[in-house]
Amino acid sequence: MRLGVFLAEFIQAAFEQNQEQIARTIADLVRGTGAKFAYAMSSGLQGQDGDLEKSRRQLAEHVHGALPKRRERTEALTLA
Numbered sequence: 005m006r007l008g009v010f011l012a013e014f015i016q017a018a019f020e021q022n023q024e025q026i027a028r029t030i031a032d033l034v035r036g037t038g039a040k041f042a043y044a045m046s047s048g049l050q051g052q053d054g055d056l057e058k059s060r061r062q063l064a065e066h067v068h069g070a071l072p073k074r075r076e077r078t079e080a081l082t083l084a
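For the sequence shown, the residue numbers in this note's numbering are 5 to 84.
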């Protein structure tokens, strides 16, 4: 029962933060809430492309998109 209440609070917090975007994965729900852990279902339970795979892809895109910016910033600092 506590897990259901916990998930309901996450959903409500995510909805209140950005009402225009609909969360499509657990990564969307947890983003910006300060949570350290999230549990997603694998593809076996949700068809070909489950929540786990979608969340992994989103996180990889986010990390790889941020890495070049960090590299440029550190290179600029070392050259100055």
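Glycine included, C-beta positions come from ideal geometry on N, C-alpha and C.
Here the structure is a predicted model, which is why all the values come from computation and not from measurement.
A17 vs A27 beta-carbon contact at 8 angstroms: no
With 16 other Cβ atoms within 10 Å as the buried cut-off, status of L33: buried
Contacting residues, own chain, Cβ-Cβ under 6 angstroms from A42 (five flanking each side not counted): I30, V34
A39 and L56 closer than 8 angstroms at C-beta: no
Proximity below 8 angstroms, CB of T37 to CB of F10: no
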